[in-house]
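As given, the protein sequences belong to chains A and B, one line each in that order.
So the number in my numbering is just where the residue sits in the first sequence, counting from 1, plus 1077.
So the number in my numbering is just where the residue sits in the second sequence, counting from 1, plus 12.
For every residue, glycine included, the Cβ atom is placed at its ideal position computed from N, Cα and C.
This report concerns only the one structure given below.
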Amino acid sequence: MQGVAHVNKYLIELKGIHKVFGTNAVLNDINVGFEEGCFVTFLGPSGCGKTTLLRTIAGFYRPDGGEVWIDGKRVDMLPAHKRNTPMVFQEYALFPHLNVFDNVAYGLRLQKLPRKEIESRVREALDLTNMAQFKDRSPNQLSGGQQQRVAIARAIVMQSKILLLDEPLSNLDAKLRESVRVELRMLQRQLNRTFIYVTHDQSEALAMSDVIVVFNKGRIEQVGSPMEVYFKPVTKFVADFIGVSNFIEGKARVKDGSVMLEHAGRSFSGLTTSDFKDGDHAIFSIRPESITLGKSECTFDSQACLPVRILQGMFIGEKVRYVVKDQVGMDWVIDQHDTQEVLTGDAYISIPPDKAHVIKE
Amino acid sequence: MVQTQVKERKGFLNQARNVLSDPSLLIMLAIAFAFVGLFIIYPLAKLMANTTLETWRNFFTKMAYRRAYARTVYSSLLSAFTATALAFLYAYSIEYTEIKFKKFFRFIAFLPMLAPSSMTGMALIMLFGRNGLLTTKLIGVEVEIYGLPGIWLAQTIAFFPMAFVAISAVLRAISPNIEIAAQNLGAKGTELFRTVTLPLAAPGVLSAFLLVFINAMSDFANPKLLGGLFVTSPVQAYGVVTGDADFGMAATISAMLLIPSLAIFLIQAYIMSKKSYVTVTGKPVAGLKRITMGKGAEIVSQVYVFLVAALFFMVIGIVAFFAFADPKAYYLGKFVFTLKGFTETMTFNAYTFRNSAIIATAAGILASVVGLLLAFLNSRKDFPGKKILDFSAILPNTLPATFLSLAFLLSFQRMLTLGPIPILPKLTKTIFIMIIIQAVRQLPIGYRNALSGFKQIDKSIEEAATNLGANVGKTISSIVLPMLRPAFISSAVYNFISAMIAVSVIIFVVTPQWNVASIVVYSRADSGYYSEAGAMSIAIMAIILGTLWLVNFLSRGRIKVFD
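Structure (structure tokens):
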């Protein structure tokens, strides 16, 4: 932008951010950067610090330590109204006394742009969000979904390289949420801006993101693509928080690049991204869909096979979800697709080799 | 999803640093504390400083003072009890039954609030007094309306609207779901009322009772007109000032009126902080209707609201009658109607209407502006002394009107200096003391309205404006003020109306030059000139109803002053 000597590959960069509320450290040494044009999701349980970090980027909080860089400029001392980090609020926060057009035009009018330009930019933003026909309505004449579109239009009209979204879908019903998800992702691709999207819903994060940042207790647990955080979680928290997983723990044995673990008298093998040596404590994370359940014993030696008792089978549309107990008393969750019936009683589960992801902790 | 409540660092030093680093905040705080300090705290202290050991001894040893005080408490309790009970039945009939013409009867409940506060007392004299139309002239009996019965009846009618507002608000806030659930569990008619409705409404009923009690304690006009030998403390204090110029004694009497109000205020604040059953969500549950009454009970309700309305119309009707009846003919037992008296009164007292309009408008706006400022500071800013400011803003609600009036007289009769520096010129005998005292009296209304307005503006709306590039000033001017406009206008209009009809609060500070219409109503009635007082009352009512109509018309029904 300013012809600075060093070229920064990140549009937004957070360096060593600390934030304390009272005595509670809500952000603890946050170091992460995001490239231009990607869809970033801050994911984590409530109270993990994700919203605080978003609001720190927007300037509603001043970090107690660390730096916020946007587009090569340090902004953490800049007041919120000078940052041009448009945000879509969870409650939409539309101005109730202004109609749709004036809501969207608000930020542009503050910049004292010519009227013609304001009009064409507002129209463009309303077209992008399919709200053009409602431009004269007042916010309280709109449905929740429509209000949200206005909130998005009001933010994208600012033509910043960044758009911040604070759990924007949490007030929509389930069906609408899924379709808006798709639209938001398409909008982001079309505009090629960096979206930072806060959510506690892991399926939303998986479906929409280029990059997921998983938060827990004010720290970043993992930064990665949806595939990476789903299949290669680096901590037990990530494996547990994203999707459903079965965990077995114990002392590891390393053999031919695989990590081996004994459970209920059987040997399990898994893959890992960490370095393991014999005797290290290992956590095996096995996804429910990686396990097969059957009435007969497994046929392949390579598979780990356990006799179990079925506690419960639930038909939930595209699959049947079972909860079973093995002989050492551990509960497993298993998903079976392509089933016509719900099994009961005694059965066997089999886990193919290297389907387990091994976490070192 | 559960939102975790986050709080940034607090503490006195942090607050003080925030204030010092923000000049606009510093100016706003200076104005707020100056207003509250000069016009609420200082008069209160000044009045207390006027009492002496001797006046206190007098109060407790002399029979006349003690008796007046006991009578004030006693009659106020009676009035509070009947006004609350009648208002409860009325509100229950409107909120809980399917009676006809609800909207109309709702409006009627406010009527006594739209008339000069001495009008009820005057109407009772016109109806039942020595030359009463109903008793002496039409039926031919004499009843003794002067004394306790008159005060009791007049205050019951005059303070009915106040109780009605409080009770109907709490009844409206009870979700029908709760009662339907109780019915579903087997609670029948009176059982449901006793076990669910009444306990839920209790806080509203209690606050209605206390509100009427406090106002009845400091009521001046009705006891003055109707008391006769039954002298109450506010009337006595007035007599002590105007007759003996004994300010110390009057201050002591007034201070004694403050004690029960203040005690009630503190106890109520304590109880309310402990439990609040009714959560006001602002979203009425749509489509659900309670059926809590049989057909018979409903007919009784309909008759009841009709009778109350009839009583109110009778009060207004008799005043109108006297406004247009020829007084000489009336004494001879003939009814001759003429516009002459009315037009003469209007011409002669035109200046008092002009004064009333100026003072009430200025006071209405001032109370709303100061209320807005205090509410803004309280809901959006952090600074040392926040609690004091909040307490002072609602304190005038608790100060008996006559107490406030005397305190202003004592405080501002000479120039106010701080050492050698003059800070305030002498205010008595000017229009400013009339405006300021009315504004102080109405401040709690303006403050509460603005506060609830601010609460309705989600903080994220202001953040959204900031996020789009608006600084603090721009956020206030383009977002906050436009959103608060309806609340601001409705409180300004409400305060205007209250100032138009006030008597007790200005009784000690009013001067001939700045005389106002509501005082003329009282003084003419007190001297027995009922046709003049009646004409003035009708004119004031017409102005108030006209104002309400105008607000309704201009805002296309969106701004509701009474709701």
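Chain-ordered chain A contacts of residue i [CB-CB under 7 Å]
i: Ala-476 (chain B); result: Phe-1166 and Ala-1170
i: Ile-491 (chain B); result: Phe-1172
Buried or exposed by the 16-neighbour rule on C-beta atoms within 10 Å, applied to residue i
i: Ile-1094 (chain A); result: buried
i: His-1358 (chain A); result: exposed
i: His-1414 (chain A); result: exposed
i: Ile-1393 (chain A); result: exposed
i: Trp-1409 (chain A); result: buried
i: Tyr-282 (chain B); result: exposed
i: Leu-278 (chain B); result: exposed
i: Thr-67 (chain B); result: buried
i: Val-292 (chain B); result: Residue placement at Val-292 (chain B) cannot be trusted, given a pLDDT of 41 that sits under 50; the coordinates are not used to answer.
i: Leu-1388 (chain A); result: exposed
i: Thr-429 (chain B); result: exposed
i: Thr-1271 (chain A); result: buried
i: Lys-1354 (chain A); result: exposed
i: Ile-1428 (chain A); result: buried
i: Ala-170 (chain B); result: buried
i: Leu-480 (chain B); result: buried
Within chain B, partners of residue i - CB distance below 7 Å
i: Gly-1184 (chain A); result: Leu-480 and Gly-481
i: Pro-1173 (chain A); result: Met-495
i: Ala-1135 (chain A); result: Asn-479
i: Met-1208 (chain A); result: Within chain B, no residue comes near Met-1208 (chain A); the closest Cβ sits about 17 Å away, beyond 7 Å.
i: Met-1154 (chain A); result: The contacting residues do not exist; Met-1154 (chain A) stays about 14 Å from chain B at best.
i: Met-1337 (chain A); result: None at all; the shortest Cβ gap to chain B is about 41 Å.
Chain A residues whose Cβ lies nearer than 9 Å to that of residue i
i: Lys-486 (chain B); result: His-1158 and Leu-1187
Close Cβ partners of residue i (< 6 Å) along its chain, the five nearest in sequence each way excluded
i: Ile-555 (chain B); result: none
i: Val-1041 (chain A); result: This structure cannot settle anything about residue 1041 (chain A), because the visible part of chain A is limited to 1078 through 1438.
Chain-ordered chain A contacts of residue i [CB-CB under 8 Å]
i: Pro-472 (chain B); result: Checking the sequence, you will find Ser at residue 472 (chain B) rather than Pro. Going along chain A in sequence order, the residues near Ser-472 (chain B) (Cβ under 8 Å) are Phe-1166, Gln-1167, Glu-1168 and Ala-1170.
Neighbourhood of residue i by C-beta, 7 Å cutoff - its chain only, sequence neighbours within 5 removed
i: Ala-504 (chain B); result: Gly-376, Ile-377 and Ser-380
i: Asp-1204 (chain A); result: none
i: Lys-398 (chain B); result: Asn-390
i: Ile-550 (chain B); result: Val-331, Ala-332 and Ala-335
i: Ser-130 (chain B); result: Ala-233, Asn-234, Leu-237, Val-515, Val-533, Tyr-534 and Ala-537
i: Val-1315 (chain A); result: Val-1291, Glu-1298, Gln-1299 and Val-1306
i: Ile-571 (chain B); result: Pro-498, Ile-501, Ser-502 and Val-563
i: His-1157 (chain A); result: Inspection of the sequence shows that residue 1157 (chain A) is occupied by Ala rather than by His. Same-chain partners within the cutoff: Ala-1135, Gly-1136 and Phe-1137.
i: Ala-92 (chain B); result: Phe-221, Val-224, Phe-225 and Ala-228
i: Val-297 (chain B); result: Low confidence applies here, because Val-297 (chain B) scores a pLDDT of 49, under 50, leaving its location unreliable; read the following figure in that light. Answer for Val-297 (chain B): Ser-187, Pro-188 and Asn-189, listed in chain order.
i: Ala-249 (chain B); result: Ala-262, Ile-265, Ser-266, Thr-414 and Leu-418
i: Phe-51 (chain B); result: Ile-448 and Val-452
The beta strand (DSSP E) enclosing residue i, as first and last residue numbers
i: Phe-1324 (chain A); result: 1323 to 1328
i: Leu-344 (chain B); result: No beta strand (DSSP E) holds Leu-344 (chain B); DSSP gives it neither H nor E.
i: Glu-1090 (chain A); result: 1089 to 1098
i: Ala-1381 (chain A); result: 1381 to 1392
i: Leu-1348 (chain A); result: 1343 to 1348
i: Lys-1437 (chain A); result: 1433 to 1437
Chain B residues whose Cβ lies nearer than 8 Å to that of residue i
i: Pro-1163 (chain A); result: Asn-479 and Leu-480
i: Met-1391 (chain A); result: Correct list: empty, because the minimum Cβ distance to chain B is about 25 Å.
i: Met-1304 (chain A); result: Near Met-1304 (chain A) there are no residues of chain B at all, since even the closest Cβ is about 26 Å away, more than 8 Å.
Sequence-distant residues of its chain with Cβ nearer than 8 Å to residue i (five each side left out)
i: Ser-1027 (chain A); result: Lying outside 1078 to 1438, the shown extent of chain A, residue 1027 (chain A) is not represented and no answer is given.
i: Trp-561 (chain B); result: none
Enclosing alpha helix (DSSP H) for residue i [first to last residue]
i: Phe-349 (chain B); result: Counting along the chain, Phe-349 (chain B) falls outside any alpha helix (DSSP H), and DSSP gives it neither H nor E.
i: Met-40 (chain B); result: 35 to 48
i: Asp-258 (chain B); result: Taken as a continuous stretch (DSSP letters only), Asp-258 (chain B) belongs to no alpha helix (DSSP H), as it is neither H nor E.
i: Arg-1404 (chain A); result: First, the amino acid is wrong: residue 1404 (chain A) is Gln here, not Arg. That residue, Gln-1404 (chain A), is in no alpha helix (DSSP H); it is neither H nor E in DSSP.
Contacts that residue i makes with chain B (C-beta to C-beta distance below 9 Å)
i: Met-1263 (chain A); result: Chain B residues near Met-1263 (chain A): none, gap ~24 Å exceeds 9 Å.
Residue i Cβ short of 8 Å to the ligand ZN heavy atom set
i: Ile-556 (chain B); result: By its list of ligands, the structure shown contains no ligand whatsoever, and the ligand ZN lies outside what it can speak to.
Review point. At which residue ranges does the stretch 1261 to 1312 of chain A contain complete alpha helix (DSSP H) runs of 4 or more residues, listed in the order of the chain?
Key: For the stretch 1261 to 1312 of chain A, whole alpha helix (DSSP H) runs of length 4 or above, ordered along the chain, are 1279 to 1285 and 1303 to 1308.
Review point. Taking only runs of the alpha helix (DSSP H) that begin and end inside the stretch 478 to 523 of chain B, which ones reach a length of at least 4 residues, in chain order?
Key: The DSSP assignment places 484 to 487 and 493 to 513 as complete runs of the alpha helix (DSSP H) inside the stretch 478 to 523 of chain B, in order along the chain (cut-off: 4 residues).
Exercise for review: Could you tell me which uninterrupted alpha helix (DSSP H) segments, each at least 4 residues in length, are contained entirely in the stretch 106 to 173 of chain B, listed from first to last along the chain?
Suggested key: As far as the stretch 106 to 173 of chain B is concerned, its whole alpha helix (DSSP H) runs of at least 4 residues are 114 to 122, 131 to 140 and 160 to 170.
Exercise for review: Tell me the start and end of each unbroken alpha helix (DSSP H) in the stretch 1113 to 1194 of chain A that is at least 4 residues and wholly inside, in chain order.
Suggested key: Listed in chain order, the complete alpha helix (DSSP H) runs (minimum 4 residues) inside the stretch 1113 to 1194 of chain A are 1127 to 1135 and 1177 to 1187.
Practice item. Counting only runs of 3+ residues fully inside the stretch 400 to 469 of chain B, write out the beta strand (DSSP E) ranges in chain order. Key: Complete beta strand (DSSP E) runs here, min 3: 428 to 430 and 433 to 436.
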